[in-house]
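The next block holds one structure in the form of C-alpha coordinates; read it before the comments.
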Amino acid sequence: MSKHSNFARNKHDEYLTPYEAALPLRRFLEGVETFAEPCRADGRLIRWLESFDLSCVHSGDIQDGVDALTDPWLEHARPDTIITNPPYTWEILEAMIERFMRIAPTWLLLEADFAFNLQSAKFMPMCTDIVPIGRVRWFSDTEHDSKDNFAWFRFHHQHRRGPVMHIMQLIDKRRIRKMARPEIEFPEFENAA
897 MSKHSNFARN KHDEYLTPYE AALPLRRFLE GVETFAEPCR ADGRLIRWLE
947 SFDLSCVHSG DIQDGVDALT DPWLEHARPD TIITNPPYTW EILEAMIERF
997 MRIAPTWLLL EADFAFNLQS AKFMPMCTDI VPIGRVRWFS DTEHDSKDNF
1047 AWFRFHHQHR RGPVMHIMQL IDKRRIRKMA RPEIEFPEFE NAA
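Here the working numbering is used: the first residue of the sequence shown is 897, the next is one more, and so on.
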(Lines of atoms letter the chains of each structure in order from A and count residues from 1; the text may use other names and numbers.)
(Lines give C-alpha, C1' and ligand atoms only; values in the text may rest on other atoms or scores of the structure.)
Protein backbone atom coordinates (compact mmCIF):
# COMPACT_ATOMS: atom_id res chain seq x y z
CA MET A 1 0.00 0.00 0.00
CA SER A 2 2.77 2.39 0.90
CA LYS A 3 5.50 3.95 -1.17
CA HIS A 4 7.78 3.14 1.80
CA SER A 5 7.51 -0.66 1.66
CA ASN A 6 8.64 -3.47 -0.59
CA PHE A 7 5.41 -5.45 -0.23
CA ALA A 8 3.49 -6.30 -3.38
CA ARG A 9 0.29 -4.33 -3.82
CA ASN A 10 -3.01 -6.14 -3.43
CA LYS A 11 -4.85 -7.16 -6.58
CA HIS A 12 -6.98 -4.27 -7.91
CA ASP A 13 -5.41 -2.08 -5.18
CA GLU A 14 -7.93 -3.59 -2.74
CA TYR A 15 -7.39 -2.31 0.79
CA LEU A 16 -10.44 -2.78 3.00
CA THR A 17 -11.55 0.36 4.81
CA PRO A 18 -11.48 -0.02 8.60
CA TYR A 19 -14.15 1.65 10.73
CA GLU A 20 -11.59 4.02 12.23
CA ALA A 21 -11.03 5.48 8.75
CA ALA A 22 -14.75 5.98 8.05
CA LEU A 23 -15.72 7.51 11.39
CA PRO A 24 -14.10 10.97 10.86
CA LEU A 25 -16.23 11.44 7.75
CA ARG A 26 -19.50 11.09 9.66
CA ARG A 27 -19.94 14.71 10.73
CA PHE A 28 -19.34 15.93 7.17
CA LEU A 29 -22.26 13.90 5.83
CA GLU A 30 -24.99 15.88 7.57
CA GLY A 31 -27.88 16.38 5.16
CA VAL A 32 -26.73 13.51 2.93
CA GLU A 33 -29.25 10.69 2.63
CA THR A 34 -27.98 8.47 -0.20
CA PHE A 35 -24.60 7.41 -1.50
CA ALA A 36 -23.01 5.16 -4.09
CA GLU A 37 -19.92 3.02 -3.44
CA PRO A 38 -18.41 2.15 -6.85
CA CYS A 39 -15.30 0.34 -5.48
CA ARG A 40 -17.01 -1.67 -2.75
CA ALA A 41 -14.63 -4.66 -2.33
CA ASP A 42 -16.19 -6.68 0.54
CA GLY A 43 -18.73 -3.96 1.35
CA ARG A 44 -17.44 -2.95 4.75
CA LEU A 45 -17.36 0.79 3.91
CA ILE A 46 -21.03 0.48 2.96
CA ARG A 47 -21.73 -1.11 6.35
CA TRP A 48 -19.93 1.72 8.17
CA LEU A 49 -21.76 4.42 6.18
CA GLU A 50 -25.14 2.77 6.65
CA SER A 51 -24.48 2.78 10.40
CA PHE A 52 -24.41 6.60 10.01
CA ASP A 53 -28.04 6.39 8.75
CA LEU A 54 -27.16 6.75 5.07
CA SER A 55 -28.68 4.55 2.36
CA CYS A 56 -26.54 2.95 -0.32
CA VAL A 57 -28.40 3.29 -3.62
CA HIS A 58 -25.69 1.67 -5.77
CA SER A 59 -22.48 -0.28 -5.36
CA GLY A 60 -20.16 -2.20 -7.61
CA ASP A 61 -16.67 -3.61 -7.81
CA ILE A 62 -14.29 -4.55 -10.60
CA GLN A 63 -13.94 -8.03 -9.07
CA ASP A 64 -17.62 -8.59 -9.81
CA GLY A 65 -17.24 -7.31 -13.36
CA VAL A 66 -18.61 -3.84 -12.59
CA ASP A 67 -16.13 -1.24 -13.85
CA ALA A 68 -16.67 2.06 -12.03
CA LEU A 69 -15.35 3.93 -15.07
CA THR A 70 -18.08 2.64 -17.37
CA ASP A 71 -20.91 1.50 -15.08
CA PRO A 72 -24.07 3.26 -16.42
CA TRP A 73 -26.02 2.48 -13.23
CA LEU A 74 -23.78 4.75 -11.20
CA GLU A 75 -25.31 7.77 -12.95
CA HIS A 76 -28.84 6.35 -13.02
CA ALA A 77 -28.83 5.77 -9.24
CA ARG A 78 -28.65 9.56 -8.67
CA PRO A 79 -26.87 9.38 -5.28
CA ASP A 80 -26.49 12.48 -3.11
CA THR A 81 -22.80 11.67 -2.95
CA ILE A 82 -20.23 9.08 -4.02
CA ILE A 83 -18.02 7.73 -1.23
CA THR A 84 -15.24 5.24 -1.87
CA ASN A 85 -11.73 4.07 -1.10
CA PRO A 86 -10.53 3.95 -4.73
CA PRO A 87 -7.55 2.24 -6.31
CA TYR A 88 -4.49 4.50 -6.18
CA THR A 89 -3.00 3.58 -9.56
CA TRP A 90 -2.85 7.06 -11.10
CA GLU A 91 -4.40 6.31 -14.50
CA ILE A 92 -7.42 4.71 -12.83
CA LEU A 93 -7.69 7.23 -9.98
CA GLU A 94 -7.48 10.21 -12.35
CA ALA A 95 -10.28 8.84 -14.52
CA MET A 96 -12.40 8.05 -11.46
CA ILE A 97 -12.10 11.55 -10.04
CA GLU A 98 -13.06 13.07 -13.39
CA ARG A 99 -16.08 10.80 -13.79
CA PHE A 100 -17.34 10.60 -10.22
CA MET A 101 -17.38 14.32 -9.44
CA ARG A 102 -19.50 14.97 -12.53
CA ILE A 103 -22.10 12.49 -11.25
CA ALA A 104 -22.25 13.70 -7.63
CA PRO A 105 -20.07 15.37 -5.00
CA THR A 106 -17.42 12.74 -4.30
CA TRP A 107 -15.55 11.71 -1.15
CA LEU A 108 -12.36 9.70 -1.78
CA LEU A 109 -10.06 8.17 0.82
CA LEU A 110 -6.56 9.05 -0.38
CA GLU A 111 -3.03 9.47 0.90
CA ALA A 112 -2.81 12.95 2.43
CA ASP A 113 0.12 13.67 0.10
CA PHE A 114 -2.37 13.74 -2.76
CA ALA A 115 -2.91 17.43 -1.97
CA PHE A 116 0.76 18.18 -2.56
CA ASN A 117 1.57 16.28 -5.77
CA LEU A 118 1.99 17.95 -9.15
CA GLN A 119 -0.13 15.34 -10.92
CA SER A 120 -2.97 16.09 -8.48
CA ALA A 121 -2.75 19.87 -8.91
CA LYS A 122 -5.41 20.03 -11.62
CA PHE A 123 -7.97 18.52 -9.21
CA MET A 124 -7.22 20.63 -6.14
CA PRO A 125 -9.33 23.67 -7.21
CA MET A 126 -12.33 21.28 -7.36
CA CYS A 127 -11.55 19.82 -3.94
CA THR A 128 -13.93 21.35 -1.39
CA ASP A 129 -12.77 19.65 1.81
CA ILE A 130 -9.90 17.62 3.22
CA VAL A 131 -10.68 15.61 6.36
CA PRO A 132 -7.46 14.14 7.79
CA ILE A 133 -7.59 10.76 9.50
CA GLY A 134 -3.89 10.09 10.11
CA ARG A 135 -2.37 6.68 9.73
CA VAL A 136 -4.54 3.68 8.99
CA ARG A 137 -4.18 0.03 9.99
CA TRP A 138 -5.24 -1.63 6.74
CA PHE A 139 -4.70 -5.18 7.98
CA SER A 140 -6.41 -6.28 11.19
CA ASP A 141 -3.92 -9.11 11.70
CA THR A 142 -0.99 -6.74 12.19
CA GLU A 143 0.08 -4.35 14.92
CA HIS A 144 1.41 -1.79 12.46
CA ASP A 145 -0.26 1.27 11.02
CA SER A 146 0.51 2.61 7.58
CA LYS A 147 3.58 4.81 7.24
CA ASP A 148 1.57 7.38 5.33
CA ASN A 149 -1.18 9.66 6.55
CA PHE A 150 -4.58 9.51 4.89
CA ALA A 151 -7.49 11.89 4.44
CA TRP A 152 -10.94 12.09 2.92
CA PHE A 153 -11.00 14.44 -0.08
CA ARG A 154 -14.31 15.84 -1.36
CA PHE A 155 -14.53 16.86 -5.03
CA HIS A 156 -17.27 18.80 -6.82
CA HIS A 157 -16.98 19.69 -10.50
CA GLN A 158 -18.49 23.18 -10.05
CA HIS A 159 -16.24 24.17 -7.15
CA ARG A 160 -13.13 26.22 -8.06
CA ARG A 161 -11.83 27.75 -4.81
CA GLY A 162 -9.79 24.85 -3.47
CA PRO A 163 -10.23 22.95 -0.22
CA VAL A 164 -10.89 23.73 3.40
CA MET A 165 -8.46 21.70 5.51
CA HIS A 166 -10.30 20.46 8.59
CA ILE A 167 -8.74 19.73 11.96
CA MET A 168 -8.00 16.08 12.67
CA GLN A 169 -10.50 14.55 15.09
CA LEU A 170 -9.30 12.64 18.12
CA ILE A 171 -10.63 9.10 17.93
CA ASP A 172 -9.58 6.20 20.15
CA LYS A 173 -8.35 3.94 17.35
CA ARG A 174 -6.87 1.34 19.70
CA ARG A 175 -10.20 0.85 21.43
CA ILE A 176 -12.11 0.66 18.14
CA ARG A 177 -9.70 -1.97 16.78
CA LYS A 178 -10.51 -4.32 19.67
CA MET A 179 -14.23 -4.37 18.86
CA ALA A 180 -15.87 -7.04 16.72
CA ARG A 181 -18.67 -4.69 15.58
CA PRO A 182 -17.38 -1.14 16.16
CA GLU A 183 -20.32 0.48 14.37
CA ILE A 184 -22.55 -0.96 17.12
CA GLU A 185 -20.19 -1.29 20.08
CA PHE A 186 -18.42 2.08 20.02
CA PRO A 187 -19.83 3.63 23.23
CA GLU A 188 -19.08 7.24 22.33
CA PHE A 189 -20.50 6.73 18.84
CA GLU A 190 -22.78 9.78 18.88
CA ASN A 191 -20.01 12.09 20.10
CA ALA A 192 -17.04 10.50 18.34
CA ALA A 193 -17.14 12.39 15.10
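Don't be surprised by glycine CBs; every beta carbon is placed ideally from N, CA and C.
Remember, predicted model here, so these are calculated numbers, not experimental data.
The Cβ atoms of residue 937 and residue 957 lie closer than 7 Å to each other.
The C-beta separation of residue 1021 from residue 1004 comes to about 16 Å, leaving the pair out of contact by the 8 Å criterion. For the options 1071, 921, 1023, the alpha carbon positioned closest to that of residue 1054 is the one of 1023.
Nearest neighbour of residue 987 by Cα position, chosen from 979, 970, 961, 1015, turns out to be 1015. DSSP places residue 929 outside both helix and strand once states are collapsed to three, so it counts as coil.
Cβ-Cβ distances below 6 Å link residue 943 to nothing in the same chain once the five nearest sequence neighbours on each side are left out.
Between residue 1052 and residue 997, the beta carbon gap of about 6 Å places them in contact (Cβ cut-off 8 Å). Where residue 968 is concerned, there is no enclosing beta strand (DSSP E), although the alpha helix (DSSP H) around it starts and stops at 968–972. In the three-state reduction of the DSSP assignment, residue 1026 falls in the strand class.
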